[in-house]
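Asker: Residue numbers 7 to 226, in our numbering, belong to the letters of the sequence shown in order. Using N, Cα and C, we set each Cβ at its ideal position, and we do this for glycine too. From a predicted model like this one, the values you see are computed outputs, not experimental measurements.
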Amino acid sequence: MRRIFVLWCCIMFGFVAGAQQMQLALMEYNGGGDWYANPTALKNLAQFCNQNLHTRFNTQQAQVEVGSADIFNYPFLHTTGHGRISFSDAEAKNLRLYLESGGFLHIDDNFGIDPYVRPEMKKVFPELDFVELPFSHPIYHQTYNFPNGLPKIHEHDGKQPHGYGLIYKGRLVCFYSYDCDIGDGWEDQEVHNDSAEKRLQALQMGANILQYVFGGKGTM
């Protein structure tokens, strides 16, 4: 547990000062859902942050299983998919310990994950419910300003995107971007043929998430 606190301090310093290269991690899960849906997303997000926020992220993503002790090496986990997620009791316990110890999980709904992610995260934090973050939340107002919350990257059903959070002892430990497809906007342009404007919105919001997690405005 102590190791993640040390890494947390290193990352915050690295994000602000550009002195420490760290790595973003994609979280694998069981259940049949496609956690691997956006293979170029984290690479491009890391590159965008390095170019525009003067960070020094490793542009090669790490890949870790939810039940592995390896998750404690990465203070930021990202996961996505279109289908079923399933955590065993041991995996839920491991993820809870990770989040209690200072780690952060970003879940991106790739259209279809919602019916599964909510009950599975209840295994992790039975006492917590996802709450919708207000548009005034600092995660929307880091280097880039999003006064109306999450940008809508892909249209599926005409609904507005929503940003939900799990808040444990006053700290946002999990951010859930719903009906937004922000991770698709991080992918290589030819994957989804998104406009330059949509891709920029997605990358800027992703940069805000990372800046918030790694010691940005409103988090200290």
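Residues in its own chain within less than 7 Å of V12 by CB, not counting five upstream and five downstream?
Answerer: Any reading at V12 must be qualified, since the residue scores a pLDDT of 43, below 50, and its modelled position is unreliable; no value is offered.
Asker: Report yes if the CB atom of R102 is closer than 7 Å to the CB atom of V130, and no otherwise.
Answerer: yes
Asker: Could you compute how far the alpha carbon of G189 sits from the alpha carbon of A208?
Answerer: Between the alpha carbons of G189 and A208 lies a gap of roughly 7 Å.
Asker: I'd like the span of the alpha helix (DSSP H) that includes A52, first residue to last.
Answerer: 47-58
Asker: Let me make sure I understand the geometry here. Which of G108, Y184, I113, N36 has the alpha-carbon closest to that of G176?
Answerer: G108
Asker: Taking Y174 as the reference, give the member of V123, E203, L111, G212 with the closest Cα.
Answerer: L111
Asker: Which residues does DSSP pair with E193 in a beta bridge?
Answerer: Partner(s): none; E193 has no beta bridge.
Asker: Measure from the alpha carbon of R90 to the alpha carbon of each residue in L216, N116, C186, F220, then state which is nearest.
Answerer: Nearest option by C-alpha distance: N116.
Asker: Find the nearest neighbour of L105 within the set I77, V137, K158, judged by alpha-carbon distance.
Answerer: I77
Asker: If we ignore side chains and look at the alpha-carbon of each, how far apart do F93 and G39 end up?
Answerer: 12 Å
Asker: Identify whether G212 lies in helix, strand or coil by the three-state DSSP scheme.
Answerer: helix
Asker: Would DSSP call Y42 helix, strand or coil?
Answerer: coil
Asker: Assess contact between the stretch 60-69 and the stretch 116-125, defined as three or more Cβ pairs (one per stretch) separated by less than 8 Å. Is contact present?
Answerer: no
Asker: Give the DSSP-derived three-state secondary structure of F78 in the structure shown.
Answerer: F78: helix per DSSP, three-state reduction.
Asker: Can you name, in chain order, every residue of its own chain whose Cβ lies under 7 Å from the Cβ of Y146, other than the five neighbours on each side?
Answerer: F152, G155, N214
Asker: Which of the three DSSP states is assigned to E34 in this structure?
Answerer: strand
Asker: So is G20 buried or exposed if we call it buried at 16+ other beta carbons inside 10 Å?
Answerer: With a pLDDT of 44 at G20, under the threshold of 50, the predicted position of this residue should be treated as unreliable, though the coordinate-derived value follows. Per the 10 Å Cβ criterion, buried.
Asker: Rounded to whole angstroms, what is the Cα-Cα separation between F136 and M33?
Answerer: 20 Å
Asker: Report the rounded CA-to-CA distance for L206 versus P45, giving the unit in angstroms.
Answerer: 18 Å
Asker: Have a look at A47, G164, G169 and flag the residue whose alpha-carbon is nearest the alpha-carbon of H143.
Answerer: G169
Asker: Helix, strand or coil for Y150 per DSSP?
Answerer: coil
Asker: Please work out which residues of its chain come closer than 7 Å, Cβ to Cβ, to A98, disregarding the five sequence neighbours upstream and downstream, and give them in chain order.
Answerer: K129, V130
Asker: Using the C-alpha atoms, what's the distance from G37 back to P167?
Answerer: Rounded to the nearest whole angstrom, the C-alpha separation of P167 and G37 is 25 Å.
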